[in-house]
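In the working numbering, the protein residues as written are 51 to 411.
Quick reminder that beta carbons are idealized off the backbone N, C-alpha and C, glycines included.
These notes concern the structure reproduced below.
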């Protein structure tokens, strides 16, 4: 059994916050927009030990005329995944463990392949708790490091279209090699949610059966502004962090932020203001489930509703009381109903998502 661990909120899905740490004298905001950092679930040693104990494989794929993508594979199996999320005032804590020792783990009948995509400045390991939970329901999980993140090779980030093209190429290759059996779902968080929508839009018709997009932005430029403006309102930040971020925010007024976004776009060779994720959503033929916290201080609910409206088979489910940081930690609440929803996705039928009551701590 892997002992229960307490993972700091920052270490799970808070990579977007790095864009708001603007006070660094040595790194400009423009540079931060173009160069993501890398934050893993655990330090390299403990992470490697966990992956070895769970039999997680590491692989890579060379995107034609693109970067080399690193990814992990989690086979369908009952790992005995257990999650605990607690909230005390503004503080939140997330813990998970795997109750089944290797001799007690049993294979689960496979139902399909789930491709998991992480947030900005994170890497694939941040999605492993989701991957292991879905694996217990029969999903073979492919956990990707997006371009310029994790162990994937450096390449200009694209805030959606470039990442989506990379993932679409990977999915096509996995399908051709028989390594993505059954139904296929793309599941991304924040930046990864946008990449998933673009991947589904760019893939051949019928490649993806479902897309789960948690906390996506609607436009790259407005999304960057939302990250910067919203970080100081997110619950769970320490007083020290709030003060530092408030100071940094005062240093960068709206005009300077807009200038940095324009400069970053020039560096990347893209028009960040022109990346409209609604266009990608409109091209997704798969069942599209959008999940968004009602307390998300980065991206407003109405913007995510516009994505659901644009998607031909889209639906938005609000997560009461959850923020941009806490929503992706709610595996205790969401793994089971998401697995049930995916079981019901078949052919042309897109079932409604039934959100259960919030579990009691």
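With contacts defined as CB atoms closer than 8 Å, residue 343 and residue 272 fail to qualify as a contacting pair. For the pair residue 406 and residue 378, the CB atoms are not nearer than the 8 Å cut-off. By the beta-carbon neighbour count (other beta carbons within 10 angstroms, threshold 16), residue 140 is exposed. Going by C-alpha positions, residue 101 is about 9 Å away from residue 108. Under the three-state reduction of DSSP output, residue 169 falls in the coil class, being neither helix nor strand. In the structure shown, residue 328 adopts helical secondary structure according to DSSP, grouped into three states. Residue 86 and residue 171 do touch by the CB rule: their CB atoms are close to 4 Å apart, below 8 Å. Excluding its 5 nearest sequence neighbours in each direction, residue 389 has C-beta neighbours in its own chain below 6 Å: 187, listed in chain order. By the Cβ-count criterion, residue 373 is buried, with 16 or more other Cβ atoms from all chains shown falling within 10 Å of its own Cβ. Per DSSP, residue 136 lies in no alpha helix (DSSP H) segment; the continuous beta strand (DSSP E) that holds it begins and ends at 131-138.
Pairwise C-beta distances place the stretch 109-129 in contact with the stretch 195-207, as three or more of them are shorter than 8 Å.
The C-alpha of residue 105 is placed about 27 Å away from the C-alpha of residue 143. Between residue 234 and residue 194 a beta carbon distance of about 13 Å is seen, past the 8 Å cut, so the two are scored as non-contacting.
Three or more Cβ pairs closer than 8 Å define a contact, and the stretch 303-314 falls short of that threshold against the stretch 362-376. Bounds of the beta strand (DSSP E) holding residue 121 are 118-124. Remark: C-beta atoms of residue 176 and residue 97 do not approach each other more closely than 8 Å. Counting only runs of at least 4 residues, the stretch 182-226 fully encloses the following alpha helix (DSSP H) elements, listed from N- to C-terminal order: 211-226.
Residue pairing by DSSP places residue 263 opposite 238, 340 in a beta bridge.
Rounded to whole angstroms, residue 318 and residue 207 show a C-alpha spacing of 7 Å. Bounds of the beta strand (DSSP E) holding residue 366 are 364-369. Setting aside the 5 residues that flank it on each side, residue 336 is surrounded in the same chain by 250, 258, 259, 260, 261, each with a C-beta closer than 6 Å to its C-beta; the list follows chain order.
For residue 156, the number of other beta carbons within 10 angstroms of its own is below 16, and it is reported as exposed. Counting along the chain, residue 352 sits inside the alpha helix (DSSP H) bounded by residues 351-360. When the beta-carbon positions are compared, residue 328 and residue 368 stay at least 8 Å from each other. Taking C-beta atoms as the reference points, residue 382 and residue 154 fail to come closer than 8 Å. In this structure, the straight-line span from the alpha carbon of residue 148 to that of residue 332 is close to 39 Å. Rounded to whole angstroms, residue 307 and residue 277 show a C-alpha spacing of 11 Å. Across the set 225, 314, 345, 339, the C-alpha of 345 shows the shortest separation from the C-alpha of residue 280.
Between residue 182 and residue 91, the C-beta spacing is not below 8 Å. Around the beta-carbon of residue 227, fewer than 16 other beta-carbon atoms lie within 10 Å, marking it exposed. In the DSSP assignment, residue 111 is bridged to 119. Membership of residue 374 in any alpha helix (DSSP H) is not indicated, and neither H nor E is assigned to it by DSSP.
Ranked by how close their Cα comes to the Cα of residue 197, the residues 214, 99, 190, 189 have 214 in first place. Exposed is the label assigned to residue 404, since fewer than 16 other Cβ atoms lie within 10 Å of its Cβ.
The alpha carbon of residue 396 has as its nearest neighbour, out of 116, 232, 218, the alpha carbon of 232. Rounded to the nearest angstrom, the Cβ distance from residue 314 to residue 84 is 5 Å, consistent with a contact under 8 Å.
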